[in-house]
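Structure, as structure tokens:
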Amino acid sequence: MNFLSEVAAVGRRTAVDALQSSTIDHDAPFSPEVPDDLRHSMPDLFDRFPIVFPWTKPEPVDPALHNVWILDNTAFRTPQPGDKRPELAEIEPAKKTQPSRISEDGSKPQPVRGGSGWEVEFVACYFIKGSGKDVSRIVSHIAHELQVSDEDIATKKRIAERVQPFADTVLPKRTLRISIDGKEQQTLGPSNYSGISSGLHQLHFSPTQQLSPFVSNAINLPPPFGIPSITVPAEERGWAVISDIDDTIKITQTPSPLGILHETFIVEDPTPVPGMPALYSHIQSTLQYPPFFYLSASPYNLYPFLRQFREAHYPQGTIILRDASWQNLGGLIASLNQDTQGKSIRD
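Residue numbers (the UniProt record's numbering): 1 to 347.
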């Protein structure tokens with residue numbers, strides 16, 4: 001039976017490599033190659049990539065089966081006509097996003113045209129609920145490496161909760177309908193082969209009246225399976241704060257592989273770097289609430305973990321992470337030992 005299972009696993013991996021090798025290679029863009037010593041010592045995560053044929057058509061997510069995170073983001077004014085900066089992304093076409101205005105009387109949303117002069121990049125991550133195989137094996141491996149006792153059930157449960165997004169099967173070619181601030185609906189996606197969608201969306205209402213954060217949530221996908229996003233509007237003038245996360249505002253122990261595992265999977269509450277929460281609070285009030293951007297070499301699988309940490313200690317802001325296209329948990333350590341510059345999950 002073990003032999004047949006191994007043969008089936010090898011066949012599946014061969015099929016995935018043949019269909020998607022360019023998108024989930026160990027050294028795929030935005031993801032570091034996993035060194036041999038880590039590849040051999042850390043658990044394999046290859047099964048998180050499904051077999052998807054190129055001709056498969058995108059479909060909406062299924063609330064009963066799927067899990068989607070909408071990442072926090074920042075809204076900004078649409079660039080003026082004639083702004084030819086090459087780094088500016090193209091706005092997603094209305095035919096794809098299908099914007100509609102939500103009526104206050106609860107009637108059916110109506111199609112809407114013409115933007116408000118504001119736009120926002122929506123990034124979403126798609127998974128199959130609880131699909132990760134052998135999570136207990138990965139938990140046992142990490143617990144053994146960090147000398148967690150067999151009786152420490154609470155710590156093992158915490159490891160399992162944080163490992164689950166690494167093991168769950170990603171969900172390519174899916175779309176998600178969202179409500180933006182309860183004022184309009186738009187469609188995100190489809191997701192790519194890494195289970196991520198990223199697109200620049202035009203808003204059809206103006207957030208300038210209060211310039212306060214607003215929430216976008218998946219329709220028919222309630223928490224915890226649908227993590228909503230919080231959008232911070234940012235004007236064209238003024239300050240912005242760009243901050244690293246690891247060992248700048250959060251203790252991560254990036255020089256130490258075991259330290260990274262401990263601070264990521266073992267600690268109940270991540271530790272802020274002493275003095276930094278007070279400093280960032282002072283910066284926020286002094287600069288009159290600028291937008292904050294937080295960068296980490298961590299993979300997007302740790303987004304809920306890092307988002308909870310930021311909410312507990314630092315101002316609201318966009319968290320920018322890596323696309324984890326590697327197939328081994330050693331990629332987490334490899335990621336955190338490399339520079340974060342230019343390594344975001346944004347395409």
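Think of the CB as a built atom: it goes at the ideal place given N, C-alpha and C, for glycine as much as any other residue.
Residue interval of the beta strand (DSSP E) (run including residue i)
i: residue 185; result: 184-188
i: residue 172; result: No beta strand (DSSP E) contains residue 172, which DSSP labels as neither H nor E.
i: residue 295; result: 292-299
Buried or exposed (CB count within 10 angstroms, at least 16 for buried), residue i
i: residue 208; result: exposed
i: residue 315; result: buried
i: residue 67; result: buried
i: residue 156; result: buried
i: residue 83; result: exposed
i: residue 204; result: buried
i: residue 118; result: buried
i: residue 75; result: buried
i: residue 233; result: buried
i: residue 152; result: exposed
i: residue 85; result: exposed
i: residue 267; result: exposed
i: residue 1; result: Confidence at residue 1 is low in this model, with a pLDDT of 46, below 50, so the placement of that residue should be treated as unreliable; the coordinate-derived value is given next. With fewer than 16 Cβ atoms within 10 Å of its Cβ, residue 1 is classed as exposed.
i: residue 323; result: buried
i: residue 65; result: exposed
i: residue 291; result: buried
i: residue 197; result: buried
i: residue 295; result: buried
i: residue 56; result: exposed
i: residue 28; result: Any reading at residue 28 must be qualified, since the residue scores a pLDDT of 40, below 50, and its modelled position is unreliable; the value itself is stated next. Label assigned to residue 28: buried.
i: residue 281; result: exposed
Straight-line gap, residue i to residue j (C-alpha atoms, nearest Å)
i: residue 276; j: residue 108; result: 47 Å
i: residue 224; j: residue 101; result: 26 Å
i: residue 172; j: residue 300; result: 15 Å
i: residue 199; j: residue 114; result: 18 Å
i: residue 143; j: residue 149; result: 8 Å
i: residue 105; j: residue 91; result: 30 Å
i: residue 120; j: residue 63; result: 25 Å
i: residue 264; j: residue 123; result: 23 Å
i: residue 235; j: residue 241; result: 13 Å
i: residue 330; j: residue 337; result: 11 Å
i: residue 239; j: residue 285; result: 12 Å
i: residue 247; j: residue 253; result: 7 Å
i: residue 178; j: residue 231; result: 13 Å
i: residue 51; j: residue 184; result: 34 Å
i: residue 116; j: residue 195; result: 30 Å
i: residue 138; j: residue 270; result: 21 Å
i: residue 293; j: residue 77; result: 17 Å
i: residue 244; j: residue 311; result: 16 Å
i: residue 191; j: residue 59; result: 10 Å
i: residue 53; j: residue 99; result: 29 Å
DSSP bridge partner residues for residue i (one or two, in chain order)
i: residue 246; result: 250
i: residue 60; result: 175
i: residue 200; result: 91, 121
i: residue 76; result: 119, 234
i: residue 98; result: According to DSSP, residue 98 bridges with nothing at all.
i: residue 111; result: 100
i: residue 226; result: 68
Close Cβ partners of residue i (< 7 Å) along its chain, the five nearest in sequence each way excluded
i: residue 313; result: 272, 277
i: residue 97; result: 186, 187, 201
Boundaries of the alpha helix (DSSP H) in which residue i is found, first to last residue
i: residue 66; result: No alpha helix (DSSP H) contains residue 66, which is instead part of the beta strand (DSSP E) from 66-70.
i: residue 304; result: 303-313
i: residue 163; result: 153-167
i: residue 348; result: Coverage of the chain is limited to positions 1 through 347, which leaves residue 348 absent and any answer about it impossible.
i: residue 278; result: 276-286
Residues near residue i in its chain [Cβ-Cβ closer than 6 Å; skip 5 each side]
i: residue 181; result: 214
i: residue 257; result: 333
i: residue 132; result: 164, 167, 168
i: residue 206; result: 116
i: residue 89; result: 200
Same chain, Cβ closer than 8 Å to residue i, five either side skipped, listed in chain order
i: residue 61; result: 68, 126, 171, 174, 175, 176, 218, 221
i: residue 130; result: 164, 168
i: residue 162; result: 264, 265, 302, 305
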